[in-house]
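> If you read the sequence shown in full-length UniProt numbering, its first letter stands for residue 1, the second for the next number, and so on.
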Amino acid sequence: MESNADLVDGRLLTLEATCAELPASNAKLRAKTADLEPHSRLKNIRIIGLPESIEGGFLLKWIHSSPPTHNRWIHEILYCVRLERIRFSLSGSLTTFHNTWQPFLDHIDTLTIDEEPNT
Numbered sequence: 001m002e003s004n005a006d007l008v009d010g011r012l013l014t015l016e017a018t019c020a021e022l023p024a025s026n027a028k029l030r031a032k033t034a035d036l037e038p039h040s041r042l043k044n045i046r047i048i049g050l051p052e053s054i055e056g057g058f059l060l061k062w063i064h065s066s067p068p069t070h071n072r073w074i075h076e077i078l079y080c081v082r083l084e085r086i087r088f089s090l091s092g093s094l095t096t097f098h099n100t101w102q103p104f105l106d107h108i109d110t111l112t113i114d115e116e117p118n119t
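#1: State the DSSP-derived secondary structure class of T95, mapped to helix, strand or coil.
#2: Taking all protein chains shown into account, decide if H75 is buried (16 or more other Cβ within 10 angstroms of its Cβ) or exposed.
#3: Checking 8 Å against the spacing of the C-beta atoms, do F104 and T96 come in under that value?
#4: Residues in its own chain within less than 6 Å of L7 by CB, not counting five upstream and five downstream?
#5: Just verifying my parser: in three-state terms, what is the DSSP assignment at L111?
#6: Quick check: what's the CA-CA separation for L90 versus I108?
#7: Can you tell me the Cβ-Cβ gap for E84 and W73, rounded? I've got them flagged as a contact below 8 Å.
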């Protein structure tokens with residue numbers, strides 16, 4: 001009986017020691033995660049002057065009674081491709097960009113596309 005009490009007492013001391021270390025460990029983790037947020041934004045690109053809704057706005061126009069023309073869609077995609085090229089270039093992945101987008105760009109070259117006015 002006494003050996004069981006000693007065993008339980010030993011486990012209890014171990015648990016108390018572990019629990020005493022947890023606040024310091026949690027504080028270190030909080031400091032790390034607080035640092036990760038700004039650190040992860042270091043390579044983000046901010047384009048000033050564009051409305052925040054610019055990313056999805058064009059797609060919403062397709063549900064209207066007079067959707068954009070296919071030429072307009074292609075011009076919008078080509079604009080996005082330019083932004084993608086910048087993003088891949090900044091991360092040093094132009095080969096990945098070309099592997100991803102070149103088949104699409106080759107296909108676009110075979111199409112007859114009317115010029116769209118700059119808007």
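A virtual CB, placed ideally from N, CA and C, is assigned to each residue, including glycine.
On the basis of the coordinates in this document:
#1: Reading the sequence shown from its first residue, position 95 is the one you call residue 95. Helix.
#2: Counting from one through the sequence shown, the residue named residue 75 turns up at place 75. The residue in question, H75, is buried, as its Cβ has 16 or more Cβ neighbours within 10 Å.
#3: As a working note, residue 104 is residue 104 in the sequence shown. As a working note, residue 96 is residue 96 in the sequence shown. No, the Cβ-Cβ distance between F104 and T96 is not below 8 Å.
#4: Start at 1 with the first residue of the sequence shown, and residue 7 comes out as number 7. Same-chain partners within the cutoff: there are none.
#5: Start at 1 with the first residue of the sequence shown, and residue 111 comes out as number 111. Correct three-state label for L111: coil.
#6: Position 90 of the sequence shown holds residue 90. Position 108 of the sequence shown holds residue 108. Rounded to whole angstroms, L90 to I108 spans 25 Å at the Cα level.
#7: The sequence position of residue 84 within the sequence shown is 84, counting from 1. The sequence position of residue 73 within the sequence shown is 73, counting from 1. The C-beta separation of E84 from W73 comes to about 16 Å, leaving the pair out of contact by the 8 Å criterion.
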